[in-house]
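Residue numbers (our numbering), protein chains in the order written: chain A, 1041 to 1286; chain B, 1041 to 1286; chain C, 499 to 797; chain D, 499 to 797. Just so you know, even glycine gets a beta-carbon here, dropped at the ideal spot from N, CA and C. Shown next, in structure tokens, is the structure this report addresses.
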Amino acid sequence: MIQFLNVSKTYEECRVALDRVTFELGRGEFGFLTGPSGAGKTTLLRLIYREALPDSGQVLIRGRNVGALPLSKVPFLRRRIGVVFQDCRLIDRKTVFENVGYLPRVLGIGLRDRRRLAYQALRQVGLAHRMRSFPPELSRGEQQRVAIARALINEPEILLADEPTGNLDPELSREVFRVFRQINATGTTVLAATHSPALITEFGGRVLVLDRGRLVGDQRLVGRHGPDYLQLVQEEPRRVARRGGP
Amino acid sequence: MIQFLNVSKTYEECRVALDRVTFELGRGEFGFLTGPSGAGKTTLLRLIYREALPDSGQVLIRGRNVGALPLSKVPFLRRRIGVVFQDCRLIDRKTVFENVGYLPRVLGIGLRDRRRLAYQALRQVGLAHRMRSFPPELSRGEQQRVAIARALINEPEILLADEPTGNLDPELSREVFRVFRQINATGTTVLAATHSPALITEFGGRVLVLDRGRLVGDQRLVGRHGPDYLQLVQEEPRRVARRGGP
Amino acid sequence: MSLLRILLFFVREAYVNLRRSWRVSLLAVFTITTSLFVGGLFLLLSENLARLLEEWRSQAKVIVYLSAPPSADQRNDLLQKLERASWVEGVREVSAERAQQRFAEIFPSLADLTLEWSEAPLPESLEVSLAPASSGDDGLPAWLAELRRHPAVELVDDDRDWLRQLELLVGVFRGVGLTLGALLLAAATLTIASVIRLTAYLYRDEIAVLRLIGATEFYIRGPFYAEGLVQGATGGLAALAGLYAAYRLIRPQSDAALLGTVLVGDFLPMAQLLFLLVLGAAAGLLGAILSVRREAGVL
Amino acid sequence: MSLLRILLFFVREAYVNLRRSWRVSLLAVFTITTSLFVGGLFLLLSENLARLLEEWRSQAKVIVYLSAPPSADQRNDLLQKLERASWVEGVREVSAERAQQRFAEIFPSLADLTLEWSEAPLPESLEVSLAPASSGDDGLPAWLAELRRHPAVELVDDDRDWLRQLELLVGVFRGVGLTLGALLLAAATLTIASVIRLTAYLYRDEIAVLRLIGATEFYIRGPFYAEGLVQGATGGLAALAGLYAAYRLIRPQSDAALLGTVLVGDFLPMAQLLFLLVLGAAAGLLGAILSVRREAGVL
Ligand SMILES: Nc1ncnc2c1ncn2[C@@H]1O[C@H](COP(=O)(O)OP(=O)(O)OP(=O)(O)O)[C@@H](O)[C@H]1O
Ligand SMILES: Nc1ncnc2c1ncn2[C@@H]1O[C@H](COP(=O)(O)OP(=O)(O)OP(=O)(O)O)[C@@H](O)[C@H]1O
Ligand SMILES: [Mg+2]
Ligand SMILES: [Mg+2]
Chain A
1041 MIQFLNVSKT
1051 YEECRVALDR
1061 VTFELGRGEF
1071 GFLTGPSGAG
1081 KTTLLRLIYR
1091 EALPDSGQVL
1101 IRGRNVGALP
1111 LSKVPFLRRR
1121 IGVVFQDCRL
1131 IDRKTVFENV
1141 GYLPRVLGIG
1151 LRDRRRLAYQ
1161 ALRQVGLAHR
1171 MRSFPPELSR
1181 GEQQRVAIAR
1191 ALINEPEILL
1201 ADEPTGNLDP
1211 ELSREVFRVF
1221 RQINATGTTV
1231 LAATHSPALI
1241 TEFGGRVLVL
1251 DRGRLVGDQR
1261 LVGRHGPDYL
1271 QLVQEEPRRV
1281 ARRGGP
Chain B
1041 MIQFLNVSKT
1051 YEECRVALDR
1061 VTFELGRGEF
1071 GFLTGPSGAG
1081 KTTLLRLIYR
1091 EALPDSGQVL
1101 IRGRNVGALP
1111 LSKVPFLRRR
1121 IGVVFQDCRL
1131 IDRKTVFENV
1141 GYLPRVLGIG
1151 LRDRRRLAYQ
1161 ALRQVGLAHR
1171 MRSFPPELSR
1181 GEQQRVAIAR
1191 ALINEPEILL
1201 ADEPTGNLDP
1211 ELSREVFRVF
1221 RQINATGTTV
1231 LAATHSPALI
1241 TEFGGRVLVL
1251 DRGRLVGDQR
1261 LVGRHGPDYL
1271 QLVQEEPRRV
1281 ARRGGP
Chain C
499 MSLLRILLFF
509 VREAYVNLRR
519 SWRVSLLAVF
529 TITTSLFVGG
539 LFLLLSENLA
549 RLLEEWRSQA
559 KVIVYLSAPP
569 SADQRNDLLQ
579 KLERASWVEG
589 VREVSAERAQ
599 QRFAEIFPSL
609 ADLTLEWSEA
619 PLPESLEVSL
629 APASSGDDGL
639 PAWLAELRRH
649 PAVELVDDDR
659 DWLRQLELLV
669 GVFRGVGLTL
679 GALLLAAATL
689 TIASVIRLTA
699 YLYRDEIAVL
709 RLIGATEFYI
719 RGPFYAEGLV
729 QGATGGLAAL
739 AGLYAAYRLI
749 RPQSDAALLG
759 TVLVGDFLPM
769 AQLLFLLVLG
779 AAAGLLGAIL
789 SVRREAGVL
Chain D
499 MSLLRILLFF
509 VREAYVNLRR
519 SWRVSLLAVF
529 TITTSLFVGG
539 LFLLLSENLA
549 RLLEEWRSQA
559 KVIVYLSAPP
569 SADQRNDLLQ
579 KLERASWVEG
589 VREVSAERAQ
599 QRFAEIFPSL
609 ADLTLEWSEA
619 PLPESLEVSL
629 APASSGDDGL
639 PAWLAELRRH
649 PAVELVDDDR
659 DWLRQLELLV
669 GVFRGVGLTL
679 GALLLAAATL
689 TIASVIRLTA
699 YLYRDEIAVL
709 RLIGATEFYI
719 RGPFYAEGLV
729 QGATGGLAAL
739 AGLYAAYRLI
749 RPQSDAALLG
759 TVLVGDFLPM
769 AQLLFLLVLG
779 AAAGLLGAIL
789 SVRREAGVL
């Protein structure tokens, strides 16, 4: 699904962010991206949804070179990728509902369906009761959860999450990753950057480790819940949803 | 040093953020503020440096009511309080050095001294080599560390840190809190909001737990390093500083 | 989505955005209003000036002085000749007494003198007013020459030198007026564009986010275009209202002074009001177009 | 910090800010330039118009017609009387022949008539030009009455009715000019203020952060004031340059047309150039002041 072939990216002033990174994340895989601050995690994700272009090497999605995509096709690529940005990037002038429901709206989905979709997505992160708030009225953690809901609403083929739980308490963080696992179970490829070893060891999956732009680790980890974790989740969907509602 | 007397704060739409909170943090104490997302941690801190006013109750700093302070005195209060904001709040148009060195500049400190101070503060968070970068050129974790350096530079009497390690890897997070402990050892009162139980149990101190605006827990915890933790830090200052330099 | 739904989307988005950031919008609208008001005021003045000059021009006359005692036949022949000519709009007879009287009016200080004159020294004359369009007619000089040879005519004063001068004057006035007006409107348009470009800076991050979550340029830009259009049209309307208010304000006071009527004789015609409105809307739209276009290097 | 260091701080901050956000600054400067240019152009035209009217006004004369054959004594007495009066600037003698000649010039079509007149029907006269300041003098009417009683004087045509009309005209012109000019400059100032207010929106968060980390209002606002001042002054300078360029551009072409010289006879005087510059700087400063003031409810 996602293929990096010898990808390098250098920002101005010779600041190397990625250095000959090569890996492949298969369809339906669940990947963690980790590494110290400034290792290049965000940069790697940005290359996938083409917020940035690699200096050398190729980024392939479903075998197609993202860098060679004409500009007019980029929105359609991005629609298939849900992104949770590290800095949330919510639109302050729009309500939570409008933020989350923007893409369905562009896709021509009617108001009632949009509301249902937004409600479902927000309930998964426990914020269904804040649909009419504006982002500046939310706590940072709440903002982050809205960003997560926005990434989920479109049932994307690929879900990229950049430190989605940096401002969430451990319990909520776990719930967010449970949701990610659920979505992953429906076939969505997930790549989540995180600093939390606890989450990685708990959930397991493919673990990519970056350090100063180099891919220094790539392993498959069995989570604390064992390979049957998914079933565990399926058994208790109510627990995930419980926080929702007004 | 910091006293909350029956403090309540309600945002518009009857959203209770703090509900009759009473506690006192003594001079030189080291406090953790924790609780789930949206519990009111940020709101509590904002009341201390007067970004917000309580609806009822009093916030006292050194025995003086912050809410009753005339507007013209507020800057002088804020100068004595170093704040690490949850959303960093760096100025994009200013370099890292200018961001960190702004307050000393306003205080009339010369360029050479300012540079020395900024270098020291940034070295503590491992970013001395990025003095001339602009915030948008930094990774999110780097931005957070710049915000920390800015809060430290003025040797404040009170240090408030709102989720200062949300985007930092565990090792860096620990180093940041080691620095906070060091500063605390020189007499600065520290109050840090965090979601990380690992950090709390490691460093210990006063732990205030908020939940839905209520102060539901207030205990003194001995850190994993025991009561002698400070001495341990003093023995290895080099380890803290090592990450600095270009 | 059907075209109607897309348009509805644009309009609704624009409406919500305008409502939520009305302070900024107000600043933009205000600038547009100011610019268009000033431009419109100038248009109003120059229109009235042009109208006045046109009036003067149409009053240019050919004066035919009759030989001292014209016979009745000669007189009638001459009058018929005048009435046959296509460029003649009207003929007014001025008797010798009337001529003297008018002389006294023009030179009040010399009025006493005329009383002393033995017999009427000023001859009877015919004031022939020409159709405004005729001044450029090539047949006119020949016709005038023929007129001069007529036995009943003592002298033809054809006012044409003066007319030509006046035409030059009208031309210069109009030219200067148009140039200045165009300059003002260009300045207004540029000001508006730069104001809207400025507001766009405010929404730069917003636009970037929309791009990142997969909205096509069409959907991103539509609402901004609608917003610019509405702002521009609102500014235009406000300017028109302001102009009308100014017109009503100046007019009553101006009746006293000769110049007042010159400056604001009539309000702007419908076409020009519409022009101002469209200009405002166009400026708003242009500004919006300028402001949401992709910056170089944006992915 | 000493005052000098504080000023240096402001200027340096402003410089750095301007350099780093020059695109936005340029938009603000551009708007100021446009507004001041248009305002200045209007000033230029109205100044020249006023100058022209002043010239006309200073040419207003009192014409003294002498009784048919004035004796040499009476003549001299009259001349002395005229020269003693403080409001008389100059006296020009116009002989009977010259009067006739001028009549022929004014009424070319009647020139032939004057040739037929037996003896000179127009009397000899003295054209007395008055000092411009004298027109409002209260002693003038009495003096003129006395003049009328002089034995050598047939008639005094004091041009005062015409003068008064002209003065009204000048007054109206000046009034309209000043009103329009003031309106334009007010519009310009408001536009500038709204533009700078708009730029301030861009730096709102920045200002909020500075407040939160303990900077006093003084230090927060100083650099923005300096920035506004510099932007305004730059806009003013650019407008002056533009005005001069326009002046040089129109002038050579205008020599041909009568009206050209009227419109751009002279460039603006130093004082007014300075005024425009100061106005630009003041507008920039005012905008900055408006933009960084605390919003209600900000802590
Ligand atoms: N626009 C930019 N210009 C210059 N350097 C940049 C830019 N963006 C990122 N960098 C640098 O590239 C390196 C990698 O940045 P990146 O944001 O990918 O790190 P990260 O792994 O996401 O870190 P974090 O965990 O702190 O978010 C960092 O050193 C950063 O300073
Ligand atoms: N400006 C505001 N208007 C309305 N409600 C607000 C506003 N700011 C915060 N709130 C609400 O007040 C509550 C407490 O917010 P606060 O930011 O203090 O939480 P927090 O403990 O810092 O959460 P987090 O860990 O997510 O940062 C939240 O429910 C939030 O939605
Ligand atoms: Mg990152
Ligand atoms: Mg918070």
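Range covered by the alpha helix (DSSP H) that runs through residue i
{"i": "Phe773/C", "result": "768-790"}
{"i": "Glu581/D", "result": "570-582"}
{"i": "Gly1287/B", "result": "An answer regarding residue 1287/B cannot be provided, because it is not within the stretch 1041 to 1286 covered by chain B."}
{"i": "Val480/C", "result": "Residue 480/C is absent from the structure shown; chain C starts at 499 and stops at 797."}
{"i": "Leu467/C", "result": "Residue 467/C lies beyond the stretch modelled for chain C, which goes from 499 to 797, so this question has no answer here."}
{"i": "Lys1081/A", "result": "1081-1088"}
{"i": "Val1106/A", "result": "It is not in any alpha helix (DSSP H) - Val1106/A carries neither H nor E in the DSSP assignment."}
{"i": "Arg1118/A", "result": "1114-1119"}
Residue span of the beta strand (DSSP E) that contains residue i, given as start and end
{"i": "Tyr1159/A", "result": "Run containing Tyr1159/A: none in the beta strand (DSSP E); it sits in the alpha helix (DSSP H), 1151-1164."}
{"i": "Gly1097/A", "result": "1096-1101"}
{"i": "Leu1167/B", "result": "Here Leu1167/B belongs to no beta strand (DSSP E), and DSSP marks it neither H nor E."}
{"i": "Ile711/D", "result": "Element bounds for Ile711/D: n/a, residue is neither H nor E."}
{"i": "Arg1060/B", "result": "1055-1065"}
{"i": "Tyr1051/A", "result": "1042-1051"}
{"i": "Gly1245/B", "result": "1244-1251"}
{"i": "Asp1258/A", "result": "1254-1262"}
{"i": "Glu1069/A", "result": "No beta strand (DSSP E) contains Glu1069/A, which DSSP labels as neither H nor E."}
{"i": "Ser623/C", "result": "623-628"}
{"i": "Arg590/C", "result": "586-592"}
Contact test: residue i Cβ vs ligand 5 heavy atom, cutoff 6 Å
{"i": "Gly1078/B", "result": "By its list of ligands, the structure shown excludes ligand 5, since it contains just ligand 1, ligand 2, ligand 3 and ligand 4."}
**Message:** As an exercise, report each continuous beta strand (DSSP E) stretch of at least 3 residues that is fully enclosed by the stretch 1173-1237 of chain A, in chain order.
**Reply:** Taking only runs of at least 3 residues, the beta strand (DSSP E) segments lying wholly in the stretch 1173-1237 of chain A are 1198-1202, 1229-1233.
**Check your reading: residues with Cβ closer than 6 Å to ligand 4 heavy atoms** = In chain order, the hits are Ser1179/A, Arg1180/A, Lys1081/B, Thr1082/B, Gln1126/B, Asp1202/B.
**Prompt:** Are the stretch 776-793 of chain C and the stretch 1101-1110 of chain B touching by the rule of at least three beta carbon pairs closer than 8 Å?
**Reply:** Between the stretch 776-793 of chain C and the stretch 1101-1110 of chain B there are fewer than three C-beta pairs closer than 8 Å, too few to call the two in contact.
**Item:** Residues of the stretch 685-713 of chain C with Cβ closer than 7 Å to any Cβ of chain D, in chain order
**Value:** Of all residues in the stretch 685-713 of chain C, only Ala685, Leu688, Thr689, Ser692, Val693, Arg695, Leu696, Thr697, Tyr699, Leu700 place a beta-carbon less than 7 Å from a beta-carbon of chain D.
**Item:** Short-range partners of chain D found in the stretch 517-532 of chain C, where Cβ spacing is below 7 Å
**Value:** Taking 7 Å as the Cβ-Cβ cut-off against chain D, the residues of the stretch 517-532 of chain C that qualify are Val522, Leu525, Phe528, Thr529, Thr532.
**Request:** Can you give me, in chain order, the residues of the stretch 1196-1224 of chain A that have a beta carbon less than 9 Å from any beta carbon in chain B?
**Result:** Taking 9 Å as the Cβ-Cβ cut-off against chain B, the residues of the stretch 1196-1224 of chain A that qualify are Asp1202, Glu1203, Thr1205, Gly1206, Asn1207, Leu1208, Asp1209, Pro1210, Glu1211, Leu1212, Ser1213.
**Item:** Interface residues of the stretch 1244-1257 of chain A facing chain B [CB-CB below 8 Å]
**Value:** Within the stretch 1244-1257 of chain A, contact with chain B at the beta-carbon level (separation under 8 Å) is assigned to no residue.
**Message:** Does the stretch 1147-1165 of chain A come into contact with the stretch 721-733 of chain C, if we say contact requires no fewer than three beta-carbon pairs (one atom in each stretch) closer than 8 Å?
**Reply:** With the cut-off at 8 Å, the stretch 1147-1165 of chain A and the stretch 721-733 of chain C do not touch.
**Members of the stretch 1066-1088 of chain A near chain B, C-beta cut-off 7 Å** = So the list reads Pro1076, Ser1077, Gly1078, Thr1082, given in the order they occur along the chain.
**Prompt:** Just checking, does the stretch 1227-1234 of chain B make contact with the stretch 1191-1207 of chain A on the three C-beta pairs under 8 Å criterion?
**Reply:** Under the three-pair Cβ rule at 8 Å, the stretch 1227-1234 of chain B does not count as touching the stretch 1191-1207 of chain A.
**Request:** Return the residues of the stretch 1167-1179 of chain B that lie within a Cβ-Cβ distance of less than 8 Å from chain D, sorted by chain order.
**Result:** Correct list: empty, as no residue qualifies.
**Prompt:** Does the stretch 1139-1150 of chain A come close enough to the stretch 733-741 of chain C that 3 or more CB-CB pairs lie under 8 Å?
**Reply:** Taking a cut-off of 8 Å for Cβ pairs, the stretch 733-741 of chain C and the stretch 1139-1150 of chain A do not touch, as fewer than three such pairs fall below it.
**Request:** Check whether the stretch 1085-1096 of chain A touches the stretch 691-704 of chain C, counting contact only when three or more Cβ pairs, one atom from each stretch, lie closer than 8 Å.
**Result:** Taking a cut-off of 8 Å on C-beta distances, the stretch 1085-1096 of chain A does not touch the stretch 691-704 of chain C, as fewer than three cross pairs fall below it.
**Message:** Output needed in chain order: residues of the stretch 720-734 of chain C with a Cβ under 9 Å from some Cβ in chain D.
**Reply:** The residues in question: there are none.
**Cβ contact check for the stretch 707-715 of chain D and the stretch 1111-1121 of chain B: 3 or more pairs under 8 Å** = These segments touch.
**Asked** What are the residues of the stretch 1143-1166 of chain B that lie near chain D, defined by any Cβ-Cβ distance shorter than 9 Å?
**Response** For the stretch 1143-1166 of chain B, the residues whose beta carbon sits under 9 Å from a beta carbon of chain D are, in order, Leu1143, Arg1145, Val1146, Leu1147, Gly1148.
**Asked** At a cut of 8 Å, does the stretch 1207-1224 of chain B reach the stretch 1236-1244 of chain B through at least three beta carbon pairs?
**Response** With a cut-off of 8 Å on Cβ pairs, the stretch 1207-1224 of chain B is in contact with the stretch 1236-1244 of chain B, counting three or more such pairs.
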